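Asks: Each residue of the sequence shown is one higher than the one before, counting from 1 in UniProt numbering. Even glycine gets a Cβ: it sits at the ideal position worked out from N, Cα and C. These numbers come from a predicted model, not from an experiment. The structure's right below; bear with me while I get my questions together.
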Amino acid sequence: MKDDPRLADIIYPGTDGNVVLLGFPYDEGVARNGGRTGARSGPEKMRAWLRRFGTVFNPELGIDLSPLRITDAGDIDPGLPLEQAHAALTAKVKGILQAGGTPFVAGGGNDQSWPNAQALLDTHESCRVGAINVDAHLDVRPLIEGKAHSGSPFRLLLEDARFSGELFVEFATQGSQAAKEHVEYVRHRDGHIHWLSEIYMNEDALGWFSSALGRVAWDCDAVFVSFDLDSVRMADAPGVSAPSVMGLRGSEALEIARIAGQNPKVQLFDLSEYNPEIEEERTGRLAASMFYYFCLGVASRKEA
1 MKDDPRLADI IYPGTDGNVV LLGFPYDEGV ARNGGRTGAR SGPEKMRAWL
51 RRFGTVFNPE LGIDLSPLRI TDAGDIDPGL PLEQAHAALT AKVKGILQAG
101 GTPFVAGGGN DQSWPNAQAL LDTHESCRVG AINVDAHLDV RPLIEGKAHS
151 GSPFRLLLED ARFSGELFVE FATQGSQAAK EHVEYVRHRD GHIHWLSEIY
201 MNEDALGWFS SALGRVAWDC DAVFVSFDLD SVRMADAPGV SAPSVMGLRG
251 SEALEIARIA GQNPKVQLFD LSEYNPEIEE ERTGRLAASM FYYFCLGVAS
301 RKEA
């Protein structure tokens, strides 16, 4: 309706937006890691839930999205072998970054986070890059027969000579999902782990995330925020490969997306593991809402 425009009404095809939606419809990396497949349909179903969702002017927050150019770059070709798809994703994200856009990459499996991070490192070769992984898991497992998978993206990032582990944060990690060896690996690489239990002990998930992002952003030139939907409790996000009764609340996930979008040093955001074959609507609405809230954050950015 003309008097009630929604987010989908102002999304245009292309790669020239201030925010650029890009799909990575792959879950082979999940299968390699022994997880349940189905996330390959995530980008398609997320876009379906975007239709008629999210007012262009949000009167509660006083944020107007209409000055923001939001575009949809489509999907990485779903017919490629996974390693070629990763290379294509890096190239696409790098092109968006170099054009001045902020990519929001919707997966697909969490293996997408390594090629996304590569694009940011390639774009800022002489700068310091930071990363925050919002995830129930650490995702620092070794490669399987030399191949990347959904459990390995941040091991690959931490082993990249261009990246400093002191600028890496694992956020909302669950002790029941993190092997002792992997915890030691992250700490050996100087990474930081914020456990879900300590976040909730202080009942301030958003304050903790804001502080973590602020510390990373202070010390670097560009930040990558990766959000795995299995960090959200299954009451709010049942449609993931590895749902958990514990986790962040859906409302916290939305605000984390907005806080990330609001920070001008956040130049890349990815969302992983939406699996419509397990559950479509509740998790799909959350994924679409996170894109909306990220855009609200970008629209309210101030200069760094």
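Tell me the DSSP secondary structure of G100 in three-state form.
Replies: In the sequence shown, counting from the first residue as 1, residue 100 sits at position 100. G100 falls in the coil class under three-state DSSP.
Asks: Excluding the 5 residues preceding and the 5 following E28 in the sequence, name in chain order all residues of the same chain whose CB lies nearer than 6 Å to its CB.
Replies: For this step, residue 28 is matched to residue 28 along the sequence shown. Excluding residues within five positions, the ones whose Cβ falls inside 6 Å are L82.
Asks: L196 to M246, Cα distance in whole Å?
Replies: Taking the sequence shown and counting its residues from 1, one reaches residue 196 at position 196. Taking the sequence shown and counting its residues from 1, one reaches residue 246 at position 246. Computed Cα separation, rounded: 9 Å.
Asks: Under a three-way DSSP split, which group does A267 fall into?
Replies: Here residue 267 corresponds to residue number 267 of the sequence shown, with the count starting at 1. The identity of residue 267 in the sequence shown is Gln, whereas the question assumes Ala. DSSP places Q267 in strand when its eight states are reduced to three.
Asks: Could you tell me which uninterrupted beta strand (DSSP E) segments, each at least 3 residues in length, are contained entirely in the segment 192–250, listed from first to last along the chain?
Replies: Fully enclosed beta strand (DSSP E) runs of 3 or longer: 192–195 and 222–228.
Asks: Can you tell me whether G214 is buried or exposed, with buried defined as 16 or more other CB within 10 angstroms of its CB?
Replies: Numbered from its first residue, the sequence shown carries residue 214 at position 214. Label assigned to G214: exposed.
Asks: Taking the C-alpha atoms as reference points, what is the distance between D16 and F104?
Replies: Your numbering for residue 16 matches position 16 in the sequence shown. Your numbering for residue 104 matches position 104 in the sequence shown. For D16 and F104, the distance between alpha carbons rounds to 13 Å.
Asks: As a quick exercise: from H182, I256, L248 and D228, pick the residue whose alpha carbon is nearest that of F209.
Replies: Along the sequence shown, one-based indexing puts residue 209 at 209. Among H182, I256, L248 and D228, the Cα nearest to that of F209 belongs to I256.
Asks: For my contact list, V240 and N202 are in at a C-beta cut-off of 8 Å; report their separation, rounded to the angstrom.
Replies: The count along the sequence shown starts at 1 and reaches residue 240 at position 240. The count along the sequence shown starts at 1 and reaches residue 202 at position 202. In fact, because the Cβ distance is near 26 Å, the residues do not count as touching under 8 Å.
Asks: Check for me: the beta strand (DSSP E) holding F168 runs from which residue to which?
Replies: Looking up residue 168 in the sequence shown gives position 168. F168 -> beta strand (DSSP E) spans F168 to T173.
Asks: Can you give me the start and stop residues for the alpha helix (DSSP H) that T123 sits inside?
Replies: The residue you call residue 123 lines up with position 123 of the sequence shown. Where T123 is concerned, the enclosing alpha helix (DSSP H) stretches over S113 to T123.
Asks: With respect to the beta strand (DSSP E) encompassing V19, which residues constitute its N-terminal and C-terminal limits?
Replies: As a position in the sequence shown, residue 19 is number 19, starting the count at 1. V19 to F24 is the extent of the beta strand (DSSP E) around V19.
Asks: Given that a residue counts as buried once 16 or more other Cβ atoms are within 10 Å of its Cβ, and exposed if not, what is L143?
Replies: Locating residue 143 in the sequence shown gives position 143, where the first residue counts as 1. Answer is exposed; the Cβ neighbour count stays below 16.
Asks: Check the DSSP bridge columns for K147 and list the partner residues they point to.
Replies: Taking the sequence shown and counting its residues from 1, one reaches residue 147 at position 147. Paired residues: I144.
Asks: Helix, strand or coil: how does DSSP classify S272 here?
Replies: Position 272 of the sequence shown, counting from 1, holds the residue named residue 272. Here S272 sits in strand by DSSP.
Asks: Report the rounded CA-to-CA distance for Y293 versus F154, giving the unit in angstroms.
Replies: Position 293 of the sequence shown, counted from the first residue, corresponds to residue 293. Position 154 of the sequence shown, counted from the first residue, corresponds to residue 154. Cα to Cα, Y293 sits roughly 25 Å from F154.
Asks: In three-state DSSP terms, what is F163?
Replies: Here the question's residue 163 lines up with position 163 in the sequence shown. Reduced to three states, the DSSP call for F163 is coil.
Asks: Quick one: Cα of W49 to Cα of P264, how far?
Replies: In the sequence shown, the residue the question calls residue 49 occupies position 49. In the sequence shown, the residue the question calls residue 264 occupies position 264. If you take the alpha carbons of W49 and P264, they lie about 27 Å apart.
Asks: Note down the Cα distance separating F224 from D4, rounded to an integer number of angstroms.
Replies: For the purposes of this step, residue 224 is identified with residue 224 of the sequence shown, where counting begins at 1. For the purposes of this step, residue 4 is identified with residue 4 of the sequence shown, where counting begins at 1. Each residue's alpha carbon lies about 33 Å from the other.
Asks: Contact check, E170 vs N133 under 8 Å by CB: the rounded distance?
Replies: As a first step, residue 170 is located in the sequence shown; it is residue number 170 there, counting from the start. As a first step, residue 133 is located in the sequence shown; it is residue number 133 there, counting from the start. The pair is a contact, with the Cβ atoms about 5 Å apart (cut-off 8 Å).
Asks: What residues are listed by DSSP as bridge partners for D64?
Replies: Residue numbering aside, residue 64 sits at position 64 when the sequence shown is read from its first letter. According to DSSP, which records beta bridges pairwise, D64 is partnered with F57.
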